[in-house]
């Protein structure tokens, strides 16, 4: 990775971008698009009724088994609120990422060294359960039928990964946009462009562009970045 990397993560990808930040030292800005960093309480996009029944059965019986953890990608960030002990013992990815078990001081140091953490929530998201796992709420915790605000979670109050440090330093930006996994060009210019391009003159030129383009979940991170590079 080059000096001063910026990472843009979409949907489940922000978990990966968090890993990149906690593992490497050169990431300065992290932009999360609909990232379920606090985990989800159900498997998204289970598909047909038959598939949903099978998935529900797996969740009930063995979501934290080695087999399911290795073969069902969303299982790595499924956090069943009524079975936190099993989650912490069996989930292979999220508990480690969020310093829920062992407190890795290096992870916290590197994450809290971000210059900007931009959390973008899609108001019409119908995939992630609960929807509040997005934006600022990516670190919220589900307790029964209620959602515990991020600032009231132990992850935040004890500052396990440095989120509280970033927030109190004014480095966390909370953004809410309409739609689901679709962001307009004007919203990109307003909420993402300033962190992609630091040069003020380039920012101004791109902001004045009449380019009518929108990004959706079917397009890749690379395509998004190429849009700006091509101007």
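In my numbering, the protein residues as written are 11 to 241. Positions of the beta carbon are idealized from the N, C-alpha and C atoms, including for glycine.
What is the DSSP secondary structure of residue i, counted as helix, strand or coil?
i	result
residue 82	coil
residue 168	coil
residue 192	strand
residue 64	helix
residue 173	helix
Assuming residue i is part of the alpha helix (DSSP H), what are its boundary residues?
i	result
residue 6	A question about residue 6 goes unanswered here, because the residues of the chain that appear run from 11 up to 241.
residue 73	That residue, residue 73, is in no alpha helix (DSSP H); it is neither H nor E in DSSP.
residue 115	115-121
residue 106	104-107
residue 95	94-100
Given residue i, which residues of its chain have a CB within under 6 angstroms of its CB, disregarding the five upstream and five downstream residues?
i	result
residue 123	none
residue 319	Shown here, the chain extends from 11 to 241; a query on residue 319 therefore has no answer.
residue 182	127, 176
residue 72	78
residue 96	74
Quick one: what's residue i bridged to in DSSP?
i	result
residue 186	131
residue 50	88
Which same chain residues, not among the five before or five after residue i, have their C-beta less than 8 angstroms away from its C-beta?
i	result
residue 249	The chain is shown from 11 up to 241; residue 249 falls before or after that span and cannot be answered.
Please classify residue i as buried or exposed, where buried requires at least 16 other C-beta atoms within 10 Å of its C-beta.
i	result
residue 173	buried
residue 112	exposed
residue 47	buried
residue 77	exposed
residue 42	buried
residue 130	buried
residue 83	exposed
residue 40	buried
residue 64	exposed
Please go through the same chain and pick out, in chain order, the residues whose beta-carbon is closer than 7 angstroms to the beta-carbon of residue i, but skip the five residues on each side of it.
i	result
residue 86	79, 101, 102, 103, 104
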